[in-house]
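Undergrad: Quick one: the structure is below, and I'll ask about it shortly.
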Amino acid sequence: MKSTLSIPHPAESLVLSKVPAHIRDIAATIKLVAFDVDGVLTDGSLWYGESGEVFKRFHALDGHGLKMLQQSGVIVALVTGREGPVVPRRAAELGIGELYQNIRDKSQMLDELADRHGIGLEQMAFMGDDIIDLPAMHKSGLSISVPNAPSYITQAAQWVTSLPGGSGAVRECCDMILASQGALSQYFHSTRLTGPVIQ
241 MKSTLSIPHP AESLVLSKVP AHIRDIAATI KLVAFDVDGV LTDGSLWYGE
291 SGEVFKRFHA LDGHGLKMLQ QSGVIVALVT GREGPVVPRR AAELGIGELY
341 QNIRDKSQML DELADRHGIG LEQMAFMGDD IIDLPAMHKS GLSISVPNAP
391 SYITQAAQWV TSLPGGSGAV RECCDMILAS QGALSQYFHS TRLTGPVIQ
């Protein structure tokens, strides 16, 4: 008789219903996820103020997903080719200590993260949307992109979210990994996220 412990929560079944089995199998082994920022955590738009300040739009659902991923023991890293004060503020709000800005060689950054945390590259996922992300996507165990990325990027990814960057794509990625690891269900009967939560 099959153990009830192996029966996924209905929410996990829903999340995984459109995810290929081989992607679920890889996602179940992931211990670190590195995310590009512009075009992934944002929609890629850059607004400039009169004084030259840059504004970016983040999605609250993505923030909550990143917090759940961290609370479940998965390391979250932000790796961006740009530099500025906005992303460090967002990372601090979400408790993300692994933030790397002005990174042109994201593949090398993955090697450094693997060494620092003692994690194999096959246990790492990278989510990107542009040419600069391709080497890291190829190197990671699970490469993820967004549907609004150029076609040659989405074709290079093992899995593409249904939601676009900056509009819940990161949350979709987080939910998929959590569900694949049987860790999403805990949040449906847990008080871990009660109280004031910054999303």
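Each residue of the sequence shown is one higher than the one before, counting from 241 in my numbering. C-beta: ideal position from N, C-alpha, C; glycine also. Computed from a prediction, not measured in an experiment: that's the story for all the values here.
How many angstroms separate the CA atom of D415 from the CA atom of R344?
TA: C-alpha separation (whole angstroms): 28 angstroms.
Undergrad: Evaluate K258 with the Cβ neighbour count: other Cβ atoms within 10 Å of its Cβ, from every protein chain shown; 16 or more gives buried, anything less gives exposed.
TA: So K258 counts as exposed.
Undergrad: Classify L374 as helix, strand or coil using the three-state DSSP reduction.
TA: Helix at L374.
Undergrad: If we ignore side chains and look at the alpha-carbon of each, how far apart do D370 and G381 end up?
TA: So the two alpha carbons sit approximately 18 angstroms from each other.
Undergrad: Assuming the contact rule is C-beta atoms closer than 8 angstroms, S425 and A267 should be a hit. Round their C-beta distance to whole Å, please.
TA: Going by Cβ atoms, the distance from S425 to A267 rounds to 15 angstroms, so no, they are not a contact pair.
Undergrad: Taking the continuous beta strand (DSSP E) assigned at Y340, which residues delimit it?
TA: That run of the beta strand (DSSP E) goes E338 to Y340.
Undergrad: By Cβ distance, which residues of its chain are closer than 6 angstroms to A376, with the 5 residues on each side in sequence left out?
TA: Contacts found: K346, S347, L350 and F366.
Undergrad: Name the DSSP beta bridge partners of M367, please?
TA: Beta-bridge pairing links M367 to F275 and I384.
Undergrad: Helix or strand or just coil, what does DSSP make of A354?
TA: Helix.
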